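*Asks:* Under the working numbering, think of the first position of the sequence shown as 4, with each following residue one higher.
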Amino acid sequence: MPGPFSDMTETIFADKSVLSEEYQPDEILEREQEIEEYRYALQDVLFGRDPKNVMLYGKAGLGKTAVTRYILDALAEEVKTREQADDLHIHTVNCNGKTLFMVVRRLVNDLLPSHTSDFPKRGLGTGDAFDELYTQLDRVGGTHLFAFDEIDHLSDANTLLYELPWARSNGHLDEARVGVIGISNNYTFRSDLSPKVKDTLMETEISFSPYDATELKTILLDCAEQAFIEGGYDMSAITMTAAMAAQDMGNARQAIDLLRVGAEVTEKREEYCVTDDHIEEARELVQRGRLSELPRPARPDGLAEDGASCFHDALCRN
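(1) Does the beta-carbon of residue 300 have 16 or more other beta-carbons within 10 angstroms, so that it is buried, or is it exposed?
(2) Do residue 285 and residue 19 have their C-beta atoms closer together than 9 angstroms?
(3) How is the alpha helix (DSSP H) around residue 149 delimited, first residue to last?
(4) Kindly provide the ranges of any alpha helix (DSSP H) runs that are 4 or more residues long and lie completely inside the stretch 37-97, ordered along the chain.
(5) Please classify residue 178 as buried or exposed, where buried requires at least 16 other C-beta atoms within 10 Å of its C-beta.
(6) Roughly how many whole angstroms lie between the Cα atoms of residue 257 and residue 289?
(7) Between the stretch 107-124 and the stretch 168-185, are three or more C-beta pairs nearer than 8 angstroms?
(8) Within a Cβ cutoff of 6 angstroms, which residues of the same chain sit near residue 268, ignoring the five residues on either side of it in sequence?
(9) What is the DSSP secondary structure of residue 129, reduced to helix, strand or coil?
(10) Residue 238: buried (16+ other C-beta within 10 angstroms of its C-beta) or exposed?
(11) Tell me whether residue 26 sits in a helix, a strand or coil according to DSSP, three-state version.
(12) Specify the secondary structure class of residue 121 as computed by DSSP and reduced to three states.
(13) Buried or exposed, going by whether 16 or more other CB atoms sit within 10 Å of the CB of residue 252?
(14) Counting C-beta neighbours from all protein chains within 10 Å, is the total for residue 87 16 or more, i.e. buried, or is it exposed?
(15) When DSSP builds the beta bridges, which residues end up paired with residue 207?
(16) Between which two residues does the beta strand (DSSP E) carrying residue 186 extend?
(17) What would DSSP say about residue 214, mapped onto helix, strand or coil?
(18) DSSP state of residue 275, grouped into three classes?
(19) In terms of residues, what are the limits of the alpha helix (DSSP H) holding residue 248?
(20) Compute the Euclidean distance between the alpha carbons of residue 240 and residue 220, then round it to the nearest angstrom.
(21) Taking the C-alpha atoms as reference points, what is the distance between residue 64 and residue 254?
(22) Is the separation between the beta-carbon of residue 49 and that of residue 182 shorter than 9 angstroms?
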């Protein structure tokens, strides 16, 4: 007896992973200026000098994390060819949902030799964790770049963004060089930082603006050419998807998600070309999903969340 999946023999997708949130493209489109600023900011690493600190600002889905991965991967490859460059060590941490102690402990454990026990979860304070971090950094030596994604979600970001950039000047490090990359979805995050931290992070600030419809169309077309079989989409569907996303938040992740849902609608109908109709239906499905995430009416104790924020966040995560 045939199983429930036995008749599923064809698909519109050539490579569906291209439309996933985890996909990292070989080339970053429509962010040439930001890449150029980033490249210039980190060039000192190639010559064995102290790296500059970099701060990235922009709403979710505007390419901050993707550009950072692209730049750091390229830098790591280039360092291998440069005699003047120190060994480069890249550390990336998403700060969302973490305390300062958790972040520093994670960095310590990443640096500890494989035969060594992890830094304890309890019994020691954040100061102890920083002391151990400095010990391990000097033991390893070389240049260390720390990329902190969603740094605005860390309650004590001031301490982290002071300690690491100033570690060498304050006598905590002798051998290692340190640079910090902060990535924030919140444009007002800077106003919460101390004056000394602001001065440090002002070395390079890169702002990511929303994509316009033309830029989103370029990105979506590149995705569609890789993700779908030949003849698997109408150009008008790509144009419509880009226009819808540009009118909303100019968010590339949102645009790609809308295209993916449109393709899934196409498959469900047992059709093999994404059209305007499929994108229209996809938008309705996405909007229904957003509405389902809206909070219930405020309780007497006032504990309801911000409905507008929930509405826009549903498909706009990095």
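Glycine included, every Cβ here is placed at the ideal spot set by N, Cα and C. Source: prediction; values computed, not measured.
*Replies:* So, to answer that:
(1) For residue 300, the pLDDT reaches just 45, beneath the cut-off of 50, and the residue's location in the model is therefore unreliable, although a value from the coordinates is still provided. That one is exposed.
(2) no
(3) From DSSP, residue 149 is part of no alpha helix (DSSP H) but of the beta strand (DSSP E) over 146-152.
(4) 67-82
(5) exposed
(6) 10 angstroms
(7) no
(8) 281, 284, 285
(9) helix
(10) exposed
(11) coil
(12) coil
(13) buried
(14) exposed
(15) 57
(16) 180-187
(17) coil
(18) coil
(19) 238-251
(20) 10 angstroms
(21) 5 angstroms
(22) no
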